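Peer 1: If you read the sequence shown in the working numbering, its first letter stands for residue 2, the second for the next number, and so on.
Where a beta carbon is used, it is the ideal one built from N, C-alpha and C, also for glycine.
The structure presented is a predicted model; accordingly, all values stated were derived computationally and were not measured.
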Amino acid sequence: MLASKTFPQLDQGSMLQLAQLLAEQLQWPMVIFLEGDLGAGKTTFSRGLIQSLGHKGNVKSPTYTLVEPYEDLIAGPVYHFDLYRLADPEELEFMGIRDYLDHAVCLVEWSERGQGILPQADLIIHLTYAENGNSRDLTIEGLSVQGQLIIENWQAI
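1) So VAL109 is in the beta strand (DSSP E); what residue range does that whole segment cover?
2) Can you name the start and end residues of the beta strand (DSSP E) that ILE126 belongs to?
3) Taking 8 Å as the CB-CB limit, is SER145 close to chain B?
4) Which of the three DSSP states, helix, strand or coil, is assigned to ALA20?
5) Would you tell me roughly how many angstroms separate the C-alpha atoms of SER47 and LEU35, rounded to the nearest one?
6) How far does the alpha helix (DSSP H) with THR44 in it extend, from its first residue to its last?
7) Using a Cβ distance threshold of 8 Å, determine whether the region 76-93 contacts the region 4-19, with at least three qualifying pairs required.
8) Can you check whether the CB of TRP29 is closer than 8 Å to the CB of ALA105?
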């Protein structure tokens, strides 16, 4: 059975708090897909998670570079991928995607563009515009045993 939890009508501050809570439970290696329309908050959530892990600098969207490395974190490396501009999933093989996956937390925006190359995610975070238009609804799904344990730990929130 798929474990999931929904957090409705989050403002930016609440979304950053959830990212911090997730950061406290991460295990290495792990693959997390972030899904949602343009502007839904995927990069904002990623920024909150990466900064919660101790990164002191800016966290920018890797839209043009495909990946931004954060290797200065005490817990372990995090790689933030944005596949929006990926022309073909095979490009991931050319950039050595498998070298990132075996030892890091990989945050992947627009994961559907890497279909057939990317492994199954441990967690999928779905971000959608809430009905009020000013906030976001966030649903997190655990697909692996590791991901499902994280969701179970969140059931009390």
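Peer 2: According to the structure shown:
1) By 1-based counting over the sequence shown, the position of residue 109 is 108. Segment 106-110, the beta strand (DSSP E) holding VAL109.
2) If you number the sequence shown from 1, residue 126 lands on position 125. Where ILE126 is concerned, the enclosing beta strand (DSSP E) stretches over 124-130.
3) Although the question refers to chain B, the structure presented lacks it and comprises just one protein chain.
4) Here residue 20 refers to the residue found at position 19 of the sequence shown. In the structure shown, ALA20 sits in a helix (DSSP, three-state: H, G or I).
5) Start at 1 with the first residue of the sequence shown, and residue 47 comes out as number 46. Start at 1 with the first residue of the sequence shown, and residue 35 comes out as number 34. Distance between the alpha carbons of SER47 and LEU35 is about 9 Å.
6) Within the sequence shown, residue 44 is the residue found at index 43, counting from 1. Segment 43-53, the alpha helix (DSSP H) holding THR44.
7) no
8) Walking along the sequence shown from the start, residue 105 turns up at place 104. Walking along the sequence shown from the start, residue 29 turns up at place 28. Yes.
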